[in-house]
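Remarks on the structure that follows.
Number of protein chains: 2
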Amino acid sequence: MKYEIRFLPSDLLTNAPEGTTIFNAANWMGLAIDSTCGGRGTCGKCKVRVVSGVAPIREADRKFISEADLADGWRLSCRAVLHSDCVVEIPRLMGNPKAALLGYGHHVILNPNVAKVYLELTEPNLDDQVSDLQRVHNALAQEGYDAHSNPSVWRALPKLLRANDFRATAVMVGDELIALEPGNTREKNYGFAVDLGTTTVVGAIINLNSGAVEAVKSELNRQAAFGADVISRVSHTMMEPDGLSELQARSIQTLDDLLDQLTASSGIARENIYEAVIVGNATMLHLLMGIDPEPISVAPFIPAITQPVTLRAADIGLRLHPEARLATLPHLGAYVGADIVAGILATDLTRNKDGQLRLLIDVGTNGEIVLGSVHGTLATAAPAGPAFEGAQIKHGMRASDGAIEGIQITAEGQVILQIIGGNHLKPIGIAGSGLVDAVAEMYRAGVVDASGRLIQVEDARAKLPDALRERLLTIDGVRAFRLSDPASNIVLTQQDIRALQFAKGSIAAGVAVLMQQMNVTAKDLHQVLLAGSFGSYINPASARTIGLVPWVAVEQIVAVGNSAGEGAKIALLSFREREAANRIPEFIEYVELSGRAEFNDIFMETLAFPPLDAES
Amino acid sequence: MKYEIRFLPSDLLTNAPEGTTIFNAANWMGLAIDSTCGGRGTCGKCKVRVVSGVAPIREADRKFISEADLADGWRLSCRAVLHSDCVVEIPRLMGNPKAALLGYGHHVILNPNVAKVYLELTEPNLDDQVSDLQRVHNALAQEGYDAHSNPSVWRALPKLLRANDFRATAVMVGDELIALEPGNTREKNYGFAVDLGTTTVVGAIINLNSGAVEAVKSELNRQAAFGADVISRVSHTMMEPDGLSELQARSIQTLDDLLDQLTASSGIARENIYEAVIVGNATMLHLLMGIDPEPISVAPFIPAITQPVTLRAADIGLRLHPEARLATLPHLGAYVGADIVAGILATDLTRNKDGQLRLLIDVGTNGEIVLGSVHGTLATAAPAGPAFEGAQIKHGMRASDGAIEGIQITAEGQVILQIIGGNHLKPIGIAGSGLVDAVAEMYRAGVVDASGRLIQVEDARAKLPDALRERLLTIDGVRAFRLSDPASNIVLTQQDIRALQFAKGSIAAGVAVLMQQMNVTAKDLHQVLLAGSFGSYINPASARTIGLVPWVAVEQIVAVGNSAGEGAKIALLSFREREAANRIPEFIEYVELSGRAEFNDIFMETLAFPPLDAES
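Protein chains in written order, with my numbering: chain L, 1 to 616; chain E, 617 to 1232.
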């Protein structure tokens, strides 16, 4: 049961299920309503006027709204729940909210879950014997917080207050009073946003007062020593008695090293980092928390946890402020994780105001695929294998100095290489984006046919320029094509091309299953968004030529960068956006491919390359 | 602003402030309303019918109550808040609730905060990929729990479910899922109730399924090495850098020793104890939690915490189940602590259905005094000094073997002693109750006059039988009276009598201040309740004779035993009673004596003994 809600004065429309609060529906649309308590009904600031529709008066309403205003339709939007279609007027925000531009053109109003509240308390006397803690809680209640605290705060309390004339700064994470600091420390307020990738981990220290990124670094995941992909990591936990704790320690070590660099370069102390938002795939986050990932890896593929969780960072050995909190985002399924949810948040895929259909693909050893719009969304994961990462490719390598990352074949048969680190470098291998480019160009040049077969030398004589023909080789009985000069001798074999076909075919089949299920075609797509570093380096035209993405105009194929990391930052800077992210799974249907008979049929079809004549 | 609420069919009346839920008002009166979620609005079982009065329909009501029943006035009592006088019909309980008799004739319906829920989950498959945790939470939601859990549960989850065919027992403490145990372990469900006294610590293991006390033990508080009273303990924390952690460790050591004995005698494992309720005075509970007690001990006497708190027992080093919770009750002030609140709970002083006025006195180095009824209550603490504990008395001693605990003086002047351990023992000193008895009997026999002065030997000749006269001595120039035979030579000096007068005068003055403030006299008192071990041993007639308690009939003076410990048990066995206890401070006005000019005047008056002719 969904109801239509129309917001004034913006005149924006949305549909939300029975029971949704007006506050959440507005947040979902990116409309800012004043609030300090984050929708907990305690600050009284989120008043809206219900112009039409049912909105019974609630307890909290009576506390903050006069009888006359109640009669006029004013309600606390965080308590007002939809039971009918309605029209709601949102008052102009008091003051200018700070905002930051993040993600894929995403305008985020700063409203971090961490807030520092400076308190100037009255000192107790015989006529005012309120306890220290109650005194602090009372002051926080005036700021709209229904505070909870823990022994670490209690223990410090008596001395801290008395040594500082009862002036202190409360560090609130949501309603948790996690620390009291002497005097006024509001200026020092930071968070840690992390994209914990299987291969690469990106961390950023964010200024929670300004939204500024104070420092950002990436590191290879130190778990890599136990295998390149999630399956080998899970295997390690199954084979070795200490495997799980070993891998957990490696995650923490990676984050710790990142923090060492980030704090050194920014001069920010770990003690002033009060919250971390960490996204990653389900296996990475399970390992981070020391949770057995084995059932993720075998049918029926069940994570221990898909919901977003909050814990003390110290509980997993992550050294920030001793009471700092750590939050994750939800997973959609075993193989579409919180990193993708973060990407969906950063790209606004599920709540785009234009209502257009978008396809988001994150290409890796698993291709995560999300197809949808505000009207409905499907997601799935397709097992691509490691070809895009350069593994199982004869001269494949990671995207680092000396790797071929782009290729162009001229009409005259000249092969022009683009090499990471500069074209003056001697090429030493081929990166994923180079592989896609190479195969696409070879297909366009006729070196490879639509089925993926390398041309026979005898056929080449008639069909290819000499410059290309002389690059055809046979190595140990396997046909190959030399990409570099003979001295460097970087080649692509028939087997390499087959590996790429399997990888792209799997992703393309996943896309096709979702498009079939949604009953749409490439023509209905507004954009194809390529996420992740692979997505940033890949040539959109080549991706389209080999059929990795559906046939849309090249301008419609957009690299969105590290959308997972952007989503983590957004969730750190705005608890409303975080709440929206946490609700993303409600709006998405997860499609499990391994159970579906038609997947294999479609996969067989998508192994081939699409006809070249579509290019013109 | 208070409203009158009338409960049907019992026809009981109470007044409750605006904003109180009907559920809480009923609990407060001891009326049982069905509930498994404890008033969190999630189980839907606490339906009542509002016969008259205002009760707006709330979100949760719509979830659990049909339109027809809503129209008929049915509401969830935990969501229905008072905005007017009202009449409410409570339906008969489904099934027979278990109950236990605890405290001072207190009938407690078992509803512990700890609940074990046996779960038989369906196993996941490709069509049901719900995560392990969500699967558990969904099953708990069906039982009315909106469960929260923590990493310790998550880490165990995948292996535990798969090793036990997805059958497990959830251990809930409130809404916290603190543990999952393999298979069905509902039978093993225990709690730990503690009265953490300055001198004596009493602990009991309680069966939370049956309410039975499985084992009970008392131990001397191992902090005693650092002083007998709270002031010397606080001094130790101020003088020694490690004093606070030393005293905390001693509290834990005391509880640990108790647990060793309790688990040995009952055969119950610590791992099956899931919650502790610990009461004690503010200083004892601050020390237990490692919180600096110094500001409690100096004006204006401010505890760090007076509100009830909940923490992990492991956070203070108490070894029960690793995730067991520990709850305290609130303090009324620096010197009327959670032990007294527990005593008020156990004696029903603030919510007695008879509406009668009662006076509760806990005599120790501080005398805690509570005067009131359901119509209003005052509390205070009077500094009695250590006389009742046998300190600063020449032959004073603790109540142990060889101590004189009772005395009778016959008309012929014979002094009959009652000795702890048997009257055949040689008396070696005098306990607090013996001191009260001795002075009362000496006053009745004319050995001491109303001002507390020992009779002069020359006056005694005319007024006392020979047998008494020959017991009058002078020791180092100080008059004294020999209680024992000359061989044992246990004496009471003039100074001892003065010390007793100061102690009882202080308490009597505290009582007088409260009675004055409430504008009542001894005639208005229904009962005088004496709490604690001293209260159990003291002779009510003697207490009255020396003016320690107001002049009521001896039958009206009742020893209520360890009411603090009983209150802790009640709070452990019923979260509703615990909620009632947590609200007790709202109903009590704490009277600080140290700020009051009239206290000293009254104290001067109460030093003397009341006229003997009142006795007849």
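We treat Cβ as the ideally placed atom computed from N, Cα and C, and that holds for glycine.
Look at the alpha carbon of residue i and the alpha carbon of residue j, and state the distance between them as a whole number of angstroms.
| i | j | result |
| --- | --- | --- |
| D34 of chain L | K47 of chain L | 8 Å |
| V374 of chain L | Q527 of chain L | 14 Å |
| H753 of chain E | Y734 of chain E | 13 Å |
| S1100 of chain E | V153 of chain L | 56 Å |
| E271 of chain L | L318 of chain L | 12 Å |
| E608 of chain E | L904 of chain E | With chain E represented from 617 up to 1232, any question about residue 608 of chain E goes unanswered, as that position is not in the structure. |
| T853 of chain E | P919 of chain E | 15 Å |
| A445 of chain L | R583 of chain L | 48 Å |
| D459 of chain L | I404 of chain L | 28 Å |
| L196 of chain L | R250 of chain L | 12 Å |
| Q599 of chain E | P158 of chain L | Only positions 617 to 1232 of chain E appear in this structure, which leaves residue 599 of chain E out of reach. |
| Q495 of chain L | L435 of chain L | 12 Å |
| I570 of chain L | L359 of chain L | 21 Å |
| A841 of chain E | L320 of chain L | 40 Å |
| F609 of chain L | A522 of chain L | 16 Å |
| G623 of chain E | N631 of chain E | A quick correction: the sequence has Phe, not Gly, at residue 623 of chain E. Going from the Cα of F623 of chain E to the Cα of N631 of chain E covers about 11 Å. |
| A784 of chain E | E792 of chain E | 16 Å |
| T198 of chain L | Q456 of chain L | 39 Å |
| R778 of chain E | P740 of chain E | 10 Å |
| A139 of chain L | A342 of chain L | 35 Å |
| G1022 of chain E | S1067 of chain E | 22 Å |
Is it buried or exposed for residue i, if we count other Cβ within 10 angstroms and need 16 for buried?
| i | result |
| --- | --- |
| Q129 of chain L | buried |
| Q1030 of chain E | exposed |
| E573 of chain E | There is no way to answer for residue 573 of chain E, as the model of chain E reaches only from 617 to 1232. |
| T738 of chain E | exposed |
| Q556 of chain L | buried |
| G422 of chain L | exposed |
| V730 of chain E | buried |
| H395 of chain L | buried |
| N600 of chain L | exposed |
| P1102 of chain E | exposed |
| V914 of chain E | exposed |
| L742 of chain E | exposed |
Is the separation between the beta-carbon of residue i and that of residue j shorter than 8 Å?
| i | j | result |
| --- | --- | --- |
| M617 of chain E | P633 of chain E | yes |
| A1147 of chain E | A809 of chain E | no |
| A215 of chain L | S266 of chain L | yes |
| L961 of chain E | A772 of chain E | no |
| D339 of chain L | G280 of chain L | yes |
| S1049 of chain E | N1178 of chain E | no |
| V552 of chain L | L514 of chain L | no |
| P151 of chain L | D931 of chain E | yes |
| L371 of chain L | M518 of chain L | yes |
| P465 of chain L | V511 of chain L | no |
| A508 of chain L | T606 of chain L | yes |
| R849 of chain E | Q839 of chain E | yes |
| P1201 of chain E | I1106 of chain E | no |
What whole-angstrom Cβ distance do residue i and residue j have, given they're in contact under 8 Å?
| i | j | result |
| --- | --- | --- |
| G1181 of chain E | V829 of chain E | Actually they do not touch by this definition, with Cβ atoms about 10 Å apart. |
| T636 of chain E | V697 of chain E | 7 Å |
| E188 of chain L | L262 of chain L | Position check: residue 188 of chain L holds Lys in this sequence, whereas Glu was assumed. Going by Cβ atoms, the distance from K188 of chain L to L262 of chain L rounds to 15 Å, so no, they are not a contact pair. |
| R576 of chain L | N27 of chain L | 4 Å |
| G191 of chain L | E275 of chain L | 5 Å |
At a cut of 8 Å, does the segment 791-808 of chain E reach the segment 1150-1162 of chain E through at least three beta carbon pairs?
Flag = no, the segment 791-808 of chain E and the segment 1150-1162 of chain E do not touch.
Looking at C-beta atoms only, is the number of pairs between the segment 986-998 of chain E and the segment 1081-1096 of chain E that lie closer than 8 Å three or more?
The segment 986-998 of chain E is not in contact with the segment 1081-1096 of chain E.
Between the segment 48-68 of chain L and the segment 82-90 of chain L, can you find at least three pairs of beta-carbon atoms closer than 8 Å?
yes
I'd like to know if the segment 491-507 of chain L and the segment 356-376 of chain L are in contact, where contact means that at least 3 CB-CB pairs between them fall below 8 Å.
In this structure the segment 491-507 of chain L touches the segment 356-376 of chain L; the number of beta carbon pairs closer than 8 Å is three or more.
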